[in-house]
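Following the working numbering from start to finish, the sequence shown increments by one per residue and tops out at 194.
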Amino acid sequence: MWSTPTRRKGAALTAATLLALAAVYLLADGSGMAALMGGVREGHALDGGMRSAGNVGYEHAQIGDEYWAGLPLPWNKSGQDIQLTAAEFTHVPKGLKVIEYRAFNGDETDGNVVFARTDGDSTMGDLFKVRNYDGHPVTVKAKTSSHVYYVARVKVTGPIHDDLSDCRTRTGKAPPSTSNTWTAPPSSASDGP
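Given below as structure tokens:
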């Protein structure tokens with residue numbers, strides 16, 4: 002007979018063993034969380050989308066000038082919602098100083114800042130008057146981009162010969178928090194005054 006109680010127990014035990022071994026394999030090679038995150042490993046759920054491949058510059062920057070430099074719009078490529086708590090550039094070249102980070106809703110600023118003057122003399126208007134979401138958790142829905150984007154207010158302090166690039170976001174509550182780092186588009190204010 003095909004279906005004796007002993008054979009069913011043996012088949013169930015074999016199936017359970019195979020599932021346990023598969024779970025150990027997935028967790029051991031670092032991609033176990035990927036399965037839980039919709040195919041994306043922890044710390045790799047966000048990327049900068051199209052803007053992470055671009056390059057932005059402004060040749061007319063002068064020492065003492067201040068600008069808004071946009072970080073790439075967070076894109077959640079995982080299958081779960083992610084809560085962001087902060088974002089920052091990880092490579093700030095000599096000649097630029099980050100004064101502060103802010104977060105704006107693209108619906109309230111008529112688009113996302115890539116690079117703009119802080120004096121309100123740009124197409125973005127006066128961003129000092131726009132609500133700042135920095136310090137407030139921002140939820141990025143699964144498989145979508147964020148409505149809120151991060152910018153750095155930077156000041157030119159001297160000649161700049163390198164790019165403002167690479168960024169990191171912080172997710173979850175601190176502690177513990179997870180960071181996600183990706184290459185941002187170079188945003189060089191100038192090659193020197």
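Don't be surprised by glycine CBs; every beta carbon is placed ideally from N, CA and C.
Closest residue to residue i among the options (Cα-Cα distance)
i: F105; options: L72, H162, I64, K144; result: L72
i: T119; options: W69, A143, T110, D111; result: W69
i: Y102; options: L128, K130, R154, P160; result: R154
i: K98; options: K156, K130, N77, M125; result: K156
i: L165; options: K95, T145, S79; result: K95
i: G173; options: I64, D66, K78, A88; result: A88
i: I100; options: D66, A62, R171, N77; result: D66
i: R171; options: T91, A62, H61, T158; result: T91
i: I83; options: T158, S146, D163, T124; result: S146
i: H132; options: T110, V114, G121, K78; result: Reading off the sequence, residue 132 comes out as Arg, not His. Here the closest residue by C-alpha is T110.
The beta strand (DSSP E) enclosing residue i, as first and last residue numbers
i: L85; result: 83–92
i: G80; result: Looking at the DSSP string, G80 is not in any beta strand (DSSP E), and its letter there is neither H nor E.
i: I100; result: 97–106
i: R151; result: The sequence given here places Tyr at residue 151; Arg does not occur at that position. Here the beta strand (DSSP E) through Y151 covers 149–157.
i: G121; result: Run containing G121: none; DSSP gives neither H nor E here.
i: T145; result: Counting along the chain, T145 falls outside any beta strand (DSSP E), and DSSP gives it neither H nor E.
i: G71; result: 67–71
Contact belief for residue i with residue j at Cβ below 8 Å, rounded distance in angstroms
i: F116; j: Y151; result: Not quite, the Cβ-Cβ distance comes to about 14 Å (not below 8 Å), so this is no contact.
i: D281; j: H148; result: Nothing can be reported for residue 281, as the shown portion of the chain is limited to 2 through 194.
i: G80; j: K144; result: 7 Å
i: T158; j: I64; result: 7 Å
i: L74; j: V139; result: L74 to V139, Cβ: 11 Å. No contact.
Reduced DSSP category for residue i - H, G, I as helix; E, B as strand; rest coil
i: F129; result: helix
i: T110; result: coil
i: T170; result: strand
i: A62; result: coil
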